[in-house]
Amino acid sequence: MNSIRFDQKTVVVTGAGGGLGRAYALAFARRGARVVVNDLGGSGSGEGQSASAADAVVEEIRAFGGEAVANYNSVEDGDKIIQTALDNYGRVDVLINNAGILRDSSFAKMTAQDWDLIQTVHMKGAFSVTKAAWPVMREQNFGRIIFTASAAGIYGNFGQANYSAAKLGLFGLTQTLAIEGAKNNIKANCIAPIAGSRLTETIMPADVVAALKPEAVAALVVSLCAEDCEESGALYETGAGWTAKLRWERSQGVILHGADAQDADQVAAQLAAAGDFTGAEHPASIQDTFTPVMSRIGASQAKPEPQKA
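Everything in the sequence shown is counted per our numbering, starting at 1 for the first residue and increasing by one.
See the structure below:
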């Protein structure tokens, strides 16, 4: 028997009609989860709608004795997706924000519609579904949430300004929800996967797409959602059995005094030194940003007042 189990737990997977989403849904179902298979059934660029994709995955799960229901709503209607879970299973334990589309174009040619649609599906969609699941998870005092970033968001990529902005934005959301969810045992993590899917098949050779099994990414996602997993606020790159955790790195920086600190010519002269990563640090919180700045002005760093959740 698999040691990581999700018996009596409900898992919601968005964009689960194929590729990575399907792999996630099957993996959780095989480990005992009750799965809500969400898929609008549209094209990779966001057009159209069909129930067939979600239905097919539900049938796969039921064929091996698993439990699943389909949902065909857009992620913009996140409350309807989560309501499907509550109506059928009474709870939501794990949320995998996987749904996504592409509208690639160089920035010079990118339209406002290309920009807005990507932000709507990736950013607003993930917000909408997570916002609906959040109070349920808080009440249960348990939740596991996965957001999907991309190498394009981490490093940038020609023709994907809209997609890159949304994907790195999702990591920012991950880090904040990890902080806000900690007291209610809600863990949020982010992955940047490389796998064969209808989105990657447009930019990779067919043999490479076939070799990049989404099941390898699903293994990491399942592990991050385990009940005893303590990881939260992290970003992982993963694909083909390789998994690596990313972190921020910051140089020691330079210090300018007096009038030099406000002189652009003096700052320009020190940019190379500011970019020297010898003895680099690895800041892990917003306090790590304020500390060196506050010390420069002789001010103690005030701890932020606790906020109501």
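Ideal Cβ positions, reconstructed from N, Cα and C, are used throughout, including at glycine.
Owing to the predicted nature of the structure, the values given are computational and were not obtained by experimental measurement.
- C-alpha of PRO283 to C-alpha of GLY239: approximately 26 Å in a straight line.
- Taken through DSSP and simplified to helix, strand or coil, PRO292 comes out as helix.
- The way I'd put it, the segment 24-42 does touch the segment 84-91; three or more beta-carbon pairs between them come closer than 8 Å.
- Unbroken beta strand (DSSP E) runs of no fewer than 3 residues, entirely contained in the segment 64-109, are found at 67-71, 94-96, following chain order.
- Within the model, the alpha-carbon separation for THR111 versus LEU117 is close to 10 Å.
- Boundaries of the beta strand (DSSP E) harbouring VAL36: 34-38, taken from the DSSP string.
- Look at ASN189 here: in three-state DSSP terms it is strand.
- Cβ-Cβ distances below 7 Å link ALA152 to GLN160, TYR163, SER164, LYS167 in the same chain, with the five nearest sequence neighbours on each side left out; the list follows chain order.
- Taking a C-beta distance under 8 Å as the contact criterion, GLU215 and ALA23 qualify as a contact pair.
- Under the DSSP assignment, ARG138 falls in the alpha helix (DSSP H) whose first and last residues are 125-140.
- Look at GLN119 here: in three-state DSSP terms it is helix.
- Counted as a single uninterrupted DSSP element, the beta strand (DSSP E) harbouring GLU237 occupies residues 235-239.
- Collapsing the DSSP output to three states places ILE61 in a helix.
- Rounded to the nearest whole angstrom, the C-alpha separation of ILE186 and LYS245 is 20 Å.
- Per DSSP, the beta-bridge partners of TRP242 are GLY239.
- Taking a contact as a CB-CB distance under 8 Å, the pair ASN184 and ARG250 does not count as one, their CB atoms being some 31 Å apart.
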